[in-house]
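Some notes on the structure that comes next.
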Amino acid sequence: MRLQAVDVKLGYGDRTIVDGLDLGIEAGTVTTIIGPNGCGKSTLLRALGRLLRPQGGEVLLDGKRIDRTPTREVAKILGVLPQAPTAPEGLTVADLVARGRHPHQTWYRQWSSDDESAVDEALTMTGLADLAERPLDELSGGQRQRAWISMALAQGTDLLLLDEPTTFLDLAHQVEVLELVRHLHGAAGRTIVMVLHDLNLAARYTDRLVAMRGGRVVAAGDPHEVLTEDLLREVFELDAKIIADPVAGTPLVIPIGTHR
Amino acid sequence: MTSTAVTPRPHGVQHRRLTVLLVLLGAVVIGVVLSITIGAKSVPPADAWHALTAPTGTENDIVIRSLRVPRTVLGVLAGLALGVAGALMQGHTRNPLADPGLLGVTQGAAFAMVASIILLGASSLLAYIWFGLAGALIASVGVFALGMVGGRGGPTPVTLALAGTAVSAFLYALTSAIVLLDEQAMDVFRFWQAGSIAARGSEVVWQVLPFILAGLVLAMVNAPGLNALALGEDVARGLGQNIALTRTVGVAAVTLLTGASVAACGSLAFVGLIVPHLVRPLSGTDHRWLLPYSGLVGAALLLLADVIGRVVAPPGELEVGVVLALLGAPFFVVLVRRRKPVRL
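In structure tokens:
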């Protein structure tokens with residue numbers, strides 16, 4: 001297990017969102033957490049990425065308690081991309097990606113050839129080398145999201161947590177970002193954990209789905225096993241049919257609802 | 261696409277940044293020369309050099325060594341301090357309209373000065389400045405503590421700004437009450453409030469120097485962390501930055517820099533508001549360059565405004581704080597209208 005939540009209790013102040021949850025992330029897998037709004041999936045991801053300290057239980061990174069490991073050391077192993085991050089205006093793509101090298105820099109050694117090559121590699125991998133000098137705010141939503149992922153890549157970790165990397169993107173850009181995620185996984189066997197809203201895309205691009213409701217894990221496993229009509233009713237209170245995705249053969253959710 | 265297109269970047273950028281740094285240093289040097297030679301009594305550069313290197317007690321020597329030099333050095337120090345503090349403050353709050361006085365530092369200094377007069381009978385400039393410094397530090401610590409109440413993992417920019425505004429208003433009310441009741445306090449307060457670097461003497465320079473140097477060091481230590489924080493707290497945390505520590509170092513630096521300059525020169529916080537806006541087109545968003553550039557531009561601006569104040573209303577002088585506000589305000593309006601203020 002690369003990353004493990006053991007009996008964690010999570011919340012903000014007096015409000016508990018997740019209580020007594022266990023989850024393990026295996027090395028070299030792409031895992032997606034799904035669930036209705038407010039089910040605690042982002043909260044869980046934040047705790048896995050030590051952005052949120054558990055009120056109870058513990059999070060283990062490679063078997064060691066993440067809150068007892070210096071945060072800078074954690075940053076060399078695990079990269080986190082929070083939901084809808086914002087950058088100062090005028091920041092260029094190259095500057096943003098360069099800031100991913102932060103954990104490797106000290107105040108007396110601000111830039112090394114390692115930093116240089118990590119940034120170049122991240123830009124190339126995300127197909128942004130041509131846009132390196134462009135300000136972030138001039139890019140399309142999909143390019144911008146790729147730039148943020150590129151920053152997380154430059155951090156040089158083989159474990160990546162992405163909180164809703166496709167939010168606010170149109171379908172084409174969602175696919176673009178998820179293709180990149182899959183590519184990152186394929187290229188270096190990176191372990192990736194995401195939160196996604198689109199169930200069909202989640203099923204398509206994921207090795208392992210984790211379905212949450214009310215702060216609990218309802219089901220976890222292969223998308224074929226997790227994404228069932230019963231589960232959709234239980235987790236999303238949605239009546240739907242599941243058919244096979246004609247392209248990939250993965251489960252495809254067809255909501256019933258009303259129709260013309 | 262090969263990576264060769266990407267690689268030349270940092271070197272070219274680095275070169276340009278160093279050039280700008282040298283140009284700004286040159287601007288400060290020009291400001292220093294003007295400040296030493298121009299005034300109620302203009303001194304030719306040759307005489308000024310004579311006074312600095314081999315004084316023989318001529319009238320010019322005395323004017324330069326006892327008045328112009330301390331005044332100029334104080335201008336440089338206060339300009340550096342306020343420019344850097346303004347850039348730090350705007351960076352930490354991600355608010356382009358934040359000024360270094362936001363933490364209650366200015367009002368803390370003002371209150372401590374007038375309180376020291378009526379409660380302790382303080383009567384010398386050095387004493388006022390010590391009390392002003394202490395007041396600035398205490399107010400800032402108080403604001404920081406208030407900002408932490410109810411917050412998780414250190415104060416946020418919003419709670420800091422709210423606490424700062426509340427504490428400032430409260431202290432301002434107390435200061436106003438005191439100066440209305442006490443004439444001596446009123447005189448000191450009026451003089452201090454206008455903002456001036458004149459007639460401070462070299463003791464004042466030595467008094468504030470250690471605080472400003474410490475503040476400048478803390479500010480530069482803070483720069484990489486502030487770059488991470490500019491991407492949001494979660495991203496910064498993900499990059500392994502200790503948020504509470506970064507905020508604390510930043511607040512400490514702002515407090516030392518603003519506290520020292522405000523205690524010595526009065527309210528010149530406008531420098532801190534305007535300078536980072538002038539500098540950002542040159543430095544970009546990287547605080548490792550934004551902070552030093554802001555310091556240098558702050559120093560040059562303060563010296564220039566002070567020199568203008570000496571010559572516009574002969575035989576008298578206009579306080580540098582007044583000149584800064586008169587020149588700076590319209591300039592700021594133009595700046596805002598031409599270039600929309602950047603989102604931080």
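If you read the protein sequences in the order shown, they are chains A and B.
Just so it is clear: in the first sequence, position 24 is 24 by the working numbering, and no numbers are missing.
When you read off a place in the second sequence, starting at 1, and then add 260, the result is the number in the working numbering.
Just so you know, even glycine gets a beta-carbon here, dropped at the ideal spot from N, CA and C.
For clarity, every value in this text was computed on a predicted model and none was experimentally measured.
{"Item": "Short Cβ contact (7 Å threshold) for A262 of chain A with L21 of chain A", "Value": "Absent from the model: residue 262 of chain A. The displayed extent of chain A is 1 to 260, so no value can be given."}
{"Item": "Chain-ordered chain A contacts of A488 of chain B [CB-CB under 8 Å]", "Value": "R99 and H102"}
{"Item": "CB contact flag (L499 of chain B, P103 of chain A, <7 Å)", "Value": "yes"}
{"Item": "7 Å CB neighbourhood of I438 of chain B in its chain, flanking five on each side removed", "Value": "V374, A375, I378 and A445"}
{"Item": "Cutoff 7 Å: D566 of chain B Cβ touching any chain A Cβ", "Value": "no"}
{"Item": "Segment limits, beta strand (DSSP E) that includes Y12 of chain A", "Value": "L3 to Y12"}
{"Item": "Chain-order list of residues whose beta-carbon lies under 7 Å from that of L595 of chain B (same chain, five-residue window excluded)", "Value": "H537"}
{"Item": "Nearest-angstrom Cβ-Cβ length linking G257 of chain A and G28 of chain A, presumed shorter than 8 Å", "Value": "About 38 Å separates the two Cβ atoms, so there is no contact after all."}
{"Item": "The segment 505-518 of chain B touching the segment 469-487 of chain B, judged by at least three CB pairs closer than 8 Å", "Value": "yes"}
{"Item": "Cutoff 7 Å: T229 of chain B Cβ touching any chain A Cβ", "Value": "This structure cannot speak to residue 229 of chain B, because chain B is shown only from 261 to 604."}
{"Item": "Contact residues within the segment 492-519 of chain B, judged by C-beta distance below 9 Å to chain A", "Value": "G492, E493, D494, V495, A496, R497, G498, L499, G500, Q501 and N502"}
{"Item": "Among B:L340, B:T506, B:T353 and B:T508, nearest to V468 of chain B - alpha-carbon criterion", "Value": "B:L340"}
{"Item": "CA-to-CA distance, A358 of chain B to Y205 of chain A, given in whole angstroms", "Value": "45 Å"}
{"Item": "Beta-carbon gap between W549 of chain B and R276 of chain B smaller than 7 Å", "Value": "no"}
{"Item": "Residues near G291 of chain B by beta carbon distance below 6 Å, same chain, minus five either side", "Value": "A560, L563 and L564"}
{"Item": "Extent of the continuous alpha helix (DSSP H) to which R507 of chain B belongs", "Value": "I503 to C525"}
{"Item": "Contacts of D95 of chain A in chain B (Cβ-Cβ under 8 Å)", "Value": "G544, T545 and D546"}
{"Item": "Any chain B beta carbon closer than 7 Å to G90 of chain A", "Value": "yes"}
{"Item": "CB contact below 7 Å: P54 of chain A versus chain B", "Value": "no"}
{"Item": "Coil, strand or helix - S295 of chain B by DSSP", "Value": "helix"}
{"Item": "Assigned secondary structure, G35 of chain A (DSSP; H/G/I helix, E/B strand, else coil)", "Value": "coil"}
{"Item": "Whole-number beta carbon distance between L178 of chain A and S150 of chain A, since they are thought to touch under 8 Å", "Value": "With 8 Å as the limit, S150 of chain A and L178 of chain A do not qualify as a contact, their Cβ atoms being about 15 Å apart."}
{"Item": "Three-state secondary structure assigned by DSSP to S263 of chain B", "Value": "Confidence at S263 of chain B is low in this model, with a pLDDT of 37, below 50, so its placement is unreliable and no value can be given for it."}
{"Item": "Within-7 Å CB hit, L51 of chain A to chain B", "Value": "yes"}
{"Item": "Any C-beta of chain C under 7 Å from that of A27 of chain A", "Value": "Here the protein chains are A and B, and chain C is not one of them."}
{"Item": "Contact list for the segment 63-74 of chain A against chain B, Cβ threshold 9 Å", "Value": "P70, T71, R72, E73 and V74"}
{"Item": "Closest Cα partner of L584 of chain B within the set B:F530, B:G475 and B:L327", "Value": "B:F530"}
{"Item": "CB contact below 7 Å: V177 of chain A versus chain B", "Value": "no"}
{"Item": "Residues of the segment 466-488 of chain B whose Cβ lies closer than 7 Å to any Cβ of chain A, in chain order", "Value": "V481, P484, N487 and A488"}
{"Item": "Euclidean distance between Cα positions of A240 of chain A and N200 of chain A", "Value": "12 Å"}
{"Item": "Bridge partners - K64 of chain A, DSSP secondary structure assignment", "Value": "A:L61"}
{"Item": "Nearest-angstrom Cα separation, counted from A248 of chain A out to G343 of chain B", "Value": "59 Å"}
{"Item": "Three-state secondary structure assigned by DSSP to T227 of chain A", "Value": "Residue 227 of chain A is actually Leu in this sequence, not Thr. Here L227 of chain A sits in coil by DSSP."}
{"Item": "Any C-beta of chain B under 7 Å from that of V18 of chain A", "Value": "no"}
{"Item": "Chain-ordered neighbours of Q105 of chain A on chain B, where CB pairs are closer than 9 Å", "Value": "P484"}
{"Item": "Rounded C-alpha distance that separates I192 of chain A from V181 of chain A", "Value": "8 Å"}
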